[in-house]
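Novice: To start, I am sharing the structure in question, which I have written as structure tokens.
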Amino acid sequence: MDSKRNSFQESPLPDLFTGKPMVVEDFRKNHRARLRDRFFKGGAAAMPDYEILELILFRAIPRRDVKPLAHKLIKEFGDFNRVLAAPIGRLAKIKGIGPAVAQELKIIEAAGHRMAQARVLGQDVLSSWDALMAYCKTVMAHRDTEQFRILFLDRKNTLIADEEQQRGTVDHVPVYPREVAKRALELNASAIILVHNHPSGDPSPSQADIDMTRRIENALQALNITLHDHIVIGKESDASFHSLGLL
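For the record, in the sequence shown the residue sitting at position 171 is 171 according to full-length UniProt numbering, with numbers rising by one throughout.
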């Protein structure tokens, strides 16, 4: 019985240098070491999305082959950015994803957001527009529900605060003009930029977006606060109310 059972088992892989059988644990350690070495020598640009995910998963899953899980995450969500942006509830439905993995992914996501925000906070956003858009896309482009943010500016158009006001459903987020104006006054802001995302991927402003923007503009005008723009973030592109002639 034992000989038959053993006949179906694969022999351990030989070590390329010693020729001796290499146990699975050794093979796993060597794979991880090779991946880390490639990252340090070539950087992230030299590695596909699933290998970057592997590097992250190594920390949360120290004793298991994580390549299949990395491939599964990419297949489920589409790419590296969408994996990081995935809600914890959806991540938890993937077999192999526990609290430690979800936490590790969310820490990496938060770090990316902080780095992108640091490039625009305290800067003149009108002269740093590309950096501002890069930040907004990093934070919002891959969300599966609508999110509404307000960027508050001082008299020199320096970004003094960036706040998420509301989260909504896949196609609607409630926004109250009076609350927007009230918060601008609290921060002593002279101007604001509105930003929200369209989870559908199409950044074209809806009629509801246009109506809501006009109500906010009217509330701000009474307080002598300028609405510079309203940006709608899609998955691949964005739309500007100012560029479209809607402001």
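Glycine included, each C-beta is placed from N, C-alpha and C at the ideal position.
Short of 6 Å in beta carbon distance, which residues of its chain neighbour Val24, apart from the five on each side in sequence? Order them along the chain.
Specialist: The residue given as residue 24 occupies position 24 in the sequence shown. For Val24, the pLDDT reaches just 49, beneath the cut-off of 50, and the residue's location in the model is therefore unreliable, leaving the point undetermined.
Novice: Is the CB-CB distance between Thr86 and Phe77 below 8 Å?
Specialist: Walking along the sequence shown from the start, residue 86 turns up at place 86. Walking along the sequence shown from the start, residue 77 turns up at place 77. The amino acid at residue 86 is misidentified as Thr; the sequence shows Ala. Yes; because the gap between Cβ atoms is below 8 Å, this pair is in contact.
Novice: Which residue spans inside the UniProt domain "MPN" (125-247) form an unbroken beta strand (DSSP E) run of at least 3?
Specialist: As far as the UniProt domain "MPN" (125-247) is concerned, its whole beta strand (DSSP E) runs of at least 3 residues are 147-153, 159-167, 191-197, 226-233 and 238-240.
Novice: In three-state terms, what does DSSP make of Gln103?
Specialist: Start at 1 with the first residue of the sequence shown, and residue 103 comes out as number 103. Three-state result, Gln103: helix.
Novice: Go ahead and pull the three-state DSSP assignment for Arg119.
Specialist: Translated into the one-based positions of the sequence shown, residue 119 becomes position 119. Arg119: coil per DSSP, three-state reduction.
Novice: Does the separation of the CB atoms of Asn197 and Met133 fall below 8 Å?
Specialist: The residue you call residue 197 lines up with position 197 of the sequence shown. The residue you call residue 133 lines up with position 133 of the sequence shown. No. Outside cutoff.
Novice: Buried or exposed for His230, going by 16 or more other Cβ atoms inside 10 Å?
Specialist: By one-based count along the sequence shown, residue 230 stands at place 230. When all chains shown are included, His230 counts as buried.
Novice: Please determine, among Ala100, Arg149, Gly42 and Ser200, the residue with the shortest C-alpha to C-alpha distance to Ser237.
Specialist: Within the sequence shown, numbered from 1, the residue matching residue 237 stands at position 237. For the residues Ala100, Arg149, Gly42 and Ser200, the minimum Cα distance to Ser237 belongs to Ser200.
Novice: Report yes or no: do the region 151-158 and the region 118-131 share at least 3 C-beta pairs separated by less than 8 Å?
Specialist: The region 151-158 is in contact with the region 118-131.
Novice: Taking only three categories from DSSP, how would you classify Pro48?
Specialist: Here residue 48 refers to the residue found at position 48 when the sequence shown is read from its first residue. Looking at Pro48 - three-state DSSP - the assignment turns out to be coil, as it is neither helix nor strand.
Novice: Put Asp79 into one of helix, strand or coil per three-state DSSP.
Specialist: What you label residue 79 is simply residue 79 of the sequence shown in a count that begins at 1. Residue state, collapsed to three classes: coil.
Novice: To the nearest angstrom, how far is the alpha carbon of Gly234 from that of Asp209?
Specialist: The count along the sequence shown starts at 1 and reaches residue 234 at position 234. The count along the sequence shown starts at 1 and reaches residue 209 at position 209. The alpha-carbon atoms of Gly234 and Asp209 are separated by roughly 14 Å.
Novice: Assuming the contact rule is C-beta atoms closer than 8 Å, Asp162 and Leu121 should be a hit. Round their C-beta distance to whole Å, please.
Specialist: Along the sequence shown, one-based indexing puts residue 162 at 162. Along the sequence shown, one-based indexing puts residue 121 at 121. Contact holds; Cβ gap of about 7 Å.
Novice: Tell me which residues share the same chain as Asp144 and place their Cβ nearer than 6 Å to its Cβ, disregarding the 5 neighbours each side in the sequence.
Specialist: Your numbering for residue 144 matches position 144 in the sequence shown. Excluding positions up to five away in sequence, the list reads Pro199.
Novice: Please say whether Ala100 and Leu91 have beta carbons closer to each other than 8 Å?
Specialist: To locate residue 91, count along the sequence shown from 1; it is residue 91. To locate residue 100, count along the sequence shown from 1; it is residue 100. Cβ distance not < 8 Å, so Leu91 and Ala100 don't count as in contact.
Novice: Classify Asp37 as helix, strand or coil using the three-state DSSP reduction.
Specialist: Within the sequence shown, numbered from 1, the residue matching residue 37 stands at position 37. Helix.
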